[in-house]
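Asks: Chains as they are written, first to last, in my numbering: chain G, 1 to 490; chain H, 1001 to 1490; chain P, 2001 to 2490; chain U, 3001 to 3490.
4 protein chains.
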Amino acid sequence: MHQSYGLPEDIEDGDGLREKCGVFGIYGHPDAAAITALGLHALQHRGQEAAGIVAFDGKRFHSERRMGLVGDNFSRREVIERLPGNSAIGHTRYSTTGETILRNVQPLFAELNAGGFAIAHNGNLTNGLTIRRRLVREGAMMQSTTDTEVMLHLVARSSRNRFIDRFVDALREIEGAYAFVGLTNKKLVGARDPLGIRPLVLGELDGCPILASETCALDIIGAKYIRDIENGEVVIFDEDGVQSHKPFPPQRVRPCIFEYIYFARPDSVVGGRSVYDIRKAFGAQLARESAPDADVIVPVPDSGVPAAIGFAQEANIPYELGIIRNHYVGRTFIEPTQQIRELGVRLKHSANRAVVNGKRIVLLDDSLVRGTTSVKIVRMMRDAGAREVHFRVASPPITHPDYYGIDTPERDKLLAAQHDVEGMRQFIGADSLAFISVDGIYKAMGENGRNPLHPQFTDHCFTGEYPTPLTDREARDSQPRQLSLLAEAS
Amino acid sequence: MHQSYGLPEDIEDGDGLREKCGVFGIYGHPDAAAITALGLHALQHRGQEAAGIVAFDGKRFHSERRMGLVGDNFSRREVIERLPGNSAIGHTRYSTTGETILRNVQPLFAELNAGGFAIAHNGNLTNGLTIRRRLVREGAMMQSTTDTEVMLHLVARSSRNRFIDRFVDALREIEGAYAFVGLTNKKLVGARDPLGIRPLVLGELDGCPILASETCALDIIGAKYIRDIENGEVVIFDEDGVQSHKPFPPQRVRPCIFEYIYFARPDSVVGGRSVYDIRKAFGAQLARESAPDADVIVPVPDSGVPAAIGFAQEANIPYELGIIRNHYVGRTFIEPTQQIRELGVRLKHSANRAVVNGKRIVLLDDSLVRGTTSVKIVRMMRDAGAREVHFRVASPPITHPDYYGIDTPERDKLLAAQHDVEGMRQFIGADSLAFISVDGIYKAMGENGRNPLHPQFTDHCFTGEYPTPLTDREARDSQPRQLSLLAEAS
Amino acid sequence: MHQSYGLPEDIEDGDGLREKCGVFGIYGHPDAAAITALGLHALQHRGQEAAGIVAFDGKRFHSERRMGLVGDNFSRREVIERLPGNSAIGHTRYSTTGETILRNVQPLFAELNAGGFAIAHNGNLTNGLTIRRRLVREGAMMQSTTDTEVMLHLVARSSRNRFIDRFVDALREIEGAYAFVGLTNKKLVGARDPLGIRPLVLGELDGCPILASETCALDIIGAKYIRDIENGEVVIFDEDGVQSHKPFPPQRVRPCIFEYIYFARPDSVVGGRSVYDIRKAFGAQLARESAPDADVIVPVPDSGVPAAIGFAQEANIPYELGIIRNHYVGRTFIEPTQQIRELGVRLKHSANRAVVNGKRIVLLDDSLVRGTTSVKIVRMMRDAGAREVHFRVASPPITHPDYYGIDTPERDKLLAAQHDVEGMRQFIGADSLAFISVDGIYKAMGENGRNPLHPQFTDHCFTGEYPTPLTDREARDSQPRQLSLLAEAS
Amino acid sequence: MHQSYGLPEDIEDGDGLREKCGVFGIYGHPDAAAITALGLHALQHRGQEAAGIVAFDGKRFHSERRMGLVGDNFSRREVIERLPGNSAIGHTRYSTTGETILRNVQPLFAELNAGGFAIAHNGNLTNGLTIRRRLVREGAMMQSTTDTEVMLHLVARSSRNRFIDRFVDALREIEGAYAFVGLTNKKLVGARDPLGIRPLVLGELDGCPILASETCALDIIGAKYIRDIENGEVVIFDEDGVQSHKPFPPQRVRPCIFEYIYFARPDSVVGGRSVYDIRKAFGAQLARESAPDADVIVPVPDSGVPAAIGFAQEANIPYELGIIRNHYVGRTFIEPTQQIRELGVRLKHSANRAVVNGKRIVLLDDSLVRGTTSVKIVRMMRDAGAREVHFRVASPPITHPDYYGIDTPERDKLLAAQHDVEGMRQFIGADSLAFISVDGIYKAMGENGRNPLHPQFTDHCFTGEYPTPLTDREARDSQPRQLSLLAEAS
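#1: Going by DSSP, which residues form a beta bridge with N122/G?
#2: Determine, using beta carbons only, whether A2307/P and F2282/P come nearer to each other than 8 Å.
#3: Looking at I1026/H: is its Cβ nearer than 8 Å to the Cβ of C1208/H?
#4: Verify whether the separation of the beta carbon atoms of T373/G and T126/G is less than 8 Å.
#5: With a threshold of 8 Å between beta carbons, is M151/G in contact with chain P?
#6: Would you identify the three-state DSSP class for F457/G, choosing helix, strand or coil?
#7: Of all the alpha helix (DSSP H) runs that stay within the bounds of the segment 172–237 of chain G, which reach a length of 4 or more residues?
#8: Quick check: is the beta carbon of V2362/P nearer than 8 Å to any beta carbon in chain C?
#9: What residues of chain P sit near N3161/U, judged by a beta carbon separation below 9 Å?
#10: Comparing the C-beta of E3320/U with each C-beta of chain P, is any distance below 8 Å?
#11: Could you check if E422/G is buried or exposed, using at least 16 other CB atoms within 10 Å of its CB as the buried criterion?
#12: Can you look up N2073/P in the DSSP assignment and give me helix, strand or coil?
#13: The alpha helix (DSSP H) with S374/G in it runs from where to where?
#14: Please give the ranges of any beta strand (DSSP E) in the segment 3417–3441 of chain U, keeping only runs that are unbroken, at least 3 residues long and fully inside the region.
#15: Going by beta-carbon coordinates alone, are I1229/H and L1218/H separated by less than 8 Å?
#16: One question on the structure: do Y94/G and D407/G come within less than 8 Å of each other, judged by their Cβ atoms?
#17: Nearest by alpha-carbon distance to V2181/P: which of V2235/P, P2401/P, P2397/P, S2303/P is it?
#18: With distance defined between alpha-carbon atoms, name the residue in E1049/H, F1258/H, S1075/H nearest to P1199/H.
#19: Would you say A28/G faces chain P, with C-beta separation under 8 Å as the test?
#20: Might you give, ordered along the chain, the residues of its own chain that have their beta carbon closer than 7 Å to the beta carbon of G2028/P, omitting 5 neighbours on each side?
#21: Should M3141/U be flagged as near chain H, meaning a C-beta pair shorter than 8 Å?
#22: Counting beta carbon pairs with one atom in the segment 1287–1297 of chain H and one in the segment 1309–1328 of chain H, are three or more of them shorter than 8 Å?
#23: Using only the heavy atoms of the ligand MN, determine whether one of them is closer than 7 Å to the beta carbon of R254/G.
#24: I'd like to know whether the C-beta of S2144/P is nearer than 8 Å to at least one C-beta of chain U.
#25: For D431/G, collect the residues of the same chain with a Cβ closer than 7 Å to its Cβ; drop the 5 residues on either side in sequence, then sort them by chain order.
#26: Run the CB neighbour count on S3303/U, radius 10 Å, all protein chains shown included, and call it buried at 16 or more, exposed below.
#27: Should H2349/P and M2381/P be called a contact, given that it needs their Cβ atoms to be closer than 8 Å?
#28: So which residues on chain U does V1136/H lean against when the C-beta distance must stay under 8 Å?
#29: Apart from the five residues on each side of it in sequence, which residues of its chain come closer than 7 Å, Cβ to Cβ, to K20/G?
#30: Answer with buried or exposed for V242/G, where buried requires no fewer than 16 other C-beta atoms within 10 angstroms of its C-beta.
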């Protein structure tokens, strides 16, 4: 085990701690770990770099944390047998920057005075680094470089007695987006941030409560969907049943629009809406806004497929597989380095000449971030003989980075932050380019449009309106660099 | 390295040696191994259990053979650097039965008197075991349990001088289906069986010849397609250019129909026909033959997609993703054990309730083999609220096993060999079931129908008409078991 | 990575945290990590289960911790290259009980407010568990189950400003035996417990200071021995040179007698005395006390060799290799389980019949603990034809367990705690059995005998006089078990 | 698995195929594999690079071949359970040149027409490469680069019917030194070359016959020694008992003298003589021939120990451990590269200053090959304060390389082939240097001296008189290099 200690540059840059992740937890089921493994497998699209499960057997906690896919690491019986007990929580992880190292893989665990406590987190704390610095100053020792770990320390240091009070004490100190699942020697706990930016649902299997990032993790095991955990809600399951706490002042829910655009699996129901239907609606709305004359609709696989079907039905143009995906590689957004990302396209996609040759095609994609992939796909279509290539994007231009758990590049690498639509069209080399409008997105979601006073969704990537303070970010910008800090960290 | 020696039962059963594979070779290119790795990656759908590359650097042969995916094993620079040279051949492998062991992974290599010789094989020899027994009786020593190895020994034992003569000597002894690529210290060689059952194409990159199972392996590296290797043709590339030999009496080509139905990648062009277009045509023909009243067409992903698009367009019923596939597992047909195969469906597919609930759906699949997967998919659709489930299959009923390189179960496990269509419908639990007709298949291929005297395709799985003798199979049936042989083998 | 959390039974039993270890540190040398690896290799006899090195490159700390031998893990260039910097500390580890897990392998590291701090420890804290419990109660989070970790937390929580003050604050809270080497981003620090139970020497190479458990670690790299760190001394090396602190009230040094009997390498000089000479003197004294009539002196290899040479010279009986050791296994005392320990003898030793057959032999061993190995060796000698077998032990009967870093069984498994000498003789099956007397040990060390008021050595294993309080042990005996605690720990 | 094909230079040089190895076999015992593993462990000193076991369960052969030590690879129950059956053979391997690759690890196995055949070999064939070339010319395919494999092919190609006749046919073609153990589905076979150069003994455990390179492999499992296999004898064990064949014209036995000097374990009895006693006798004879005035006798550990004890007793000078060996590294002669060999000394040995300082010492070593190690040891003694260093060697000067299974450098790297004794003394830097005389060796063995007409031992390393033709060597010297062959091999 090699480790380098010292805050990596990217943590200082405010980039280092963000994760795009999936969480799962179950209480009271004899096959807790096996079910958690299946649940994480269904959430695999939320993070492919690492996964972990912590189970509690009534006496001891057991933990398995591994780099790689759930199916590769948690499908064998002997691994599950090392995770005995009838309560378990799990996590799949995709870390944005630098190396993912094993000690950062969740769930994290700590021995508190009252007993062990494991926690898994989807989201990102916008004041995590600020709290981390304060804790270290007070003598705390960090075992990871994740923002999640501050929760462990905050709970450990609370002066309250009951676990729930300590947990709420900790929640009151943090800002940002989170869906937590936690496990003590008595309880399963779940919490969603005050705006409900990241999703968390409650299900039930054989009478046992389940928490999961998406409903697809319930479906895989045949569990029943009960309800979404509400924004700002803390739920606790133990022998005595369930308790719900609302420790924050009430706010309107404001979920992240990106769950609908790209994150969630199409068969999930998020916030009561079918993701598949919403994506088809984005495509249909886009067709209404900017359908060109064309012979064929070609989705950029696989994330562009539902929008392309919706576009094709609305525009009454045939839907065809003009791009074939090689299933033996992961999806574009996931590759860890720019270099591999560029190689990726050739390895992942190929043109289906029989569909494309001599045709006017509409390429449908879910989003446009850096644009580097799009450049190659447009060129691949032209190489395969496409007569015209019209590029349509089922989300508005991304002009601002995310700080709530989505891996986005900094502004200067966002294509839409650097160019207007015509500039972007030239960059990707298409004959035309159009995005769905911001209001179009809201309409497709069933709203009349965006409510500028109380936006119904977290949409700062398109609008620049961040829903919470960005404490770490501001600290970084306002303070001189503390070089002495560079030589530390665990 | 553990090895068990002794002919495994399954070899005796005539089941053991068959493989579904992809082959690739390139001559004279400075990046021979890297290009071969990319070519194999494009052929990954033809075999995911193991892969290997042999390169020749002008002095020595270098070999890397690994269990697992091409991308997992051959994507790192250090592996490619261990394969220097400007000629290389490669192989991806899927073995039907028992364990795949490293010594069976191809290309195989032998030191002949005239120099080294490496060979990779897609197909299956129907007299491989018979020849193997004869060779062992004569003092030959086997390093693998593959049928391919007999080619090495036959070439080694030929009394001829020139390599081409020795190679043709060997070809004259074997029967069955094959596409070979071979590499000596001077030549790249390719050969296709007299009926052209298995495919092999010739391409060119930077002036260097390439042999590959499918055109998609040319596309990934931007190579130009030149022509198909003809049935019964042997091609040899060396410093002096290319030579073509036709050592067998001329026969009409009779390619395997399964390449179009299931094997080949949709963006490949096989025998001059776009696989995607043919699959859509299968779907359209099936719609003409048996379209039910329905609300929505749902493909069984991913192999049923093109036929479903063709069916939907012909029948004018909306095409929708009613089943979502989890991309983090391989495809159904590939799983090694029945047990995993059954688990597989839950891990791989999930119902998209938003599409299915309350609807009359048409499920489109490319083939029906054992039917075990179909049972679960139909049930999954009903669980998701489907009002009616109509199952349509874009190939005729499979009544006979294959012996030419396709993994099919023995007759007693083929659903269509045990039941009529109504029996099958009851088995899978659909409201209706229909297959495309055998003549329908030929029509979709552009023929007027099947020519019973000279069938245009190898189609014994549907008709029972095997195109070559089945020597090993007959030997097994006629001879008493030689138990003394069980304790041997390398 | 699998981890089980929850205080293992053996920690509760007071058995779990003890280690027999070697430490090494160097300050200011360009090859710090490579030299540390060589030093640890020379200290390999002090612990073979795991090893670790932490280096500081002026900006970041780098850590490599591995299970297994130093030579297997730290001999390759790429490992050393992952440990850049000109200061480093290292540790070899042998843990007594249960599994050794990676997170327990030292050096341990923590991020303090003032910067990183790594520490390695040889010895055992007799109040480690008591402090650990207090820290957890106050909100500290433990990353390991070692007693060493409490030092990290005590340093982190000190209210003092200067590192040396925080370090001394921490030392004041702990009891027991220790030789520490620590590394901050500015300093190398060493400390020896107030009685000097565990050894620590200061050396110099190319003008750079070195700390090591034994002088053999200086010899391997050609470093010069400067002096022993004194009991109760804290030394600090930084850019400004060296500082020595004596934070404790002065006491007479009282080193562990076991370093001379068994622990230290024979070529080391401990406390100014050659270990080889002392062991020969033990043998000679034993010969004076109890030499039998015999034909040949046979050492139990390898730890009995020097005493046997001394015995043979004093008694004027030929020294012969009557037992041959298989060098491809580790030494008896080291095997992790009783089961392997029993198997071990057959695998490790064999009788040299040519020496033994028909002879009256004296078997010379360094110590007698459980006696299980001795039983087998005596029997092996008789099987090889020995006429008489006289067993001589170059240390007194071990009647009490150690709590200062030596792995000894609990009292009920110590042969000498259960039997008198005649009972032990019967148990091992020898014709006669004798031990060196306690006073004999002191005489061989150059003393007039044991000073009962101020014993010159730590010798509780023979006398029951423990030199410090046994806080954890007493807490265990006096308190009810806290079952709630069982479910905790990191 | 990476493999490079093409005869490596060193095979062409006649250096590549030699091995120093140990063999073991047992017939009819329910724990055949476990006993073989223990036997190989006792033979570990004969080869540490790799080991293998083949077992036969009455129906199938099972093989495990691994790089590394027996104890590391064959001590776990699951490995032994993969080797069921009541007959087994095993091999430990040390290959002289280049990489040891898994396909060269023995036992080798082949499927013959009459059934499987496994073989393990200690020794070296002096016409192995010549036969290999002929076999390849005839169409044979090689799976390894060992000389042993030609035995498999020769047996396979014999036209005789009975196994024993085929085996003897093969023996008649080979020249050189060998001790073979072989296993068929019915028999255990052993064979020793016509001069008995390499040793092979017969033992018995629970009524089951055992073959082993040395008696120490019998002792470890408590087996009874029966007799040595005679030179030129072939023994076969099967259900009907034992048969002994003598297929060669009778010759006087002429065992390799190096087994006594260095190879065999001191507790083994080779050719009826205790190896320990013989080594002591070498030391005593050397003392009679050239004892200097000195204060202390210091063995070069561990191989010089018995000769040093004999020398010390004869010369009446105290025997002391002036050099301490670090047990956590292998022995000098074993290291694979010159570079590591040089580093090795510092890692392996250290001076015991307490013994050496100010003394006139006699260093006793078993042999002097390149002299590079001796240079460092002499220097180490002087650095530790030795007043005089007298070097004594318990074997005569090695002037000629071996071709019978011992790893020796070519002549130009043998110190004694380049220098006279005074030159060697200067090279190693000793105050005096002396070797035992060739006649002294014979006297210590109980002979009156060397019989020049019929030397009683194989001693070409000292005398240049090779006992068999060196066919491969002569072929290499007389023939032009066949470059075409360089590009071949399996």
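Even glycine gets a Cβ: it sits at the ideal position worked out from N, Cα and C.
Replies: The answer reads as follows:
#1: Bridge partners of N122/G according to DSSP: A179/G.
#2: The Cβ atoms of A2307/P and F2282/P lie closer than 8 Å to each other.
#3: Yes, the pair counts as a contact, with Cβ atoms nearer than the cut-off.
#4: No Cβ-Cβ contact shorter than 8 Å links T373/G with T126/G.
#5: Taking Cβ atoms only, chain P never reaches closer than 8 Å to M151/G, which makes this a no.
#6: Note: F457/G maps to coil in three-state DSSP.
#7: 216–219
#8: The structure shown contains no chain C; the protein chains it does contain are G, H, P and U.
#9: Result: empty, since nearest Cβ-Cβ is about 43 Å, beyond 9 Å.
#10: It does; some Cβ of chain P falls within 8 Å.
#11: Around the C-beta of E422/G, fewer than 16 other C-beta atoms lie within 10 Å, and the residue is accordingly described as exposed.
#12: helix
#13: Note, S374/G: alpha helix (DSSP H), 372–383.
#14: 3432–3435
#15: no
#16: Cβ distance < 8 Å, so Y94/G and D407/G count as in contact.
#17: V2235/P
#18: F1258/H
#19: Inspection of the sequence shows that residue 28/G is occupied by Gly rather than by Ala. Not closer than 8 Å to any Cβ of chain P, the Cβ of G28/G fails to qualify, so no.
#20: N2086, S2087, C2208
#21: yes
#22: Verdict: yes, contact present.
#23: In the structure on display, the ligand MN does not appear, and there are no ligands present to speak of.
#24: Not closer than 8 Å to any Cβ of chain U, the Cβ of S2144/P fails to qualify, so no.
#25: Contacts found: E388, V389, H390.
#26: Its Cβ being crowded by 16 or more others within 10 Å, S3303/U is buried.
#27: No, they are not a contact pair.
#28: E3111, L3112, N3113
#29: R46, G47, Y94, G405, I406, D407
#30: exposed
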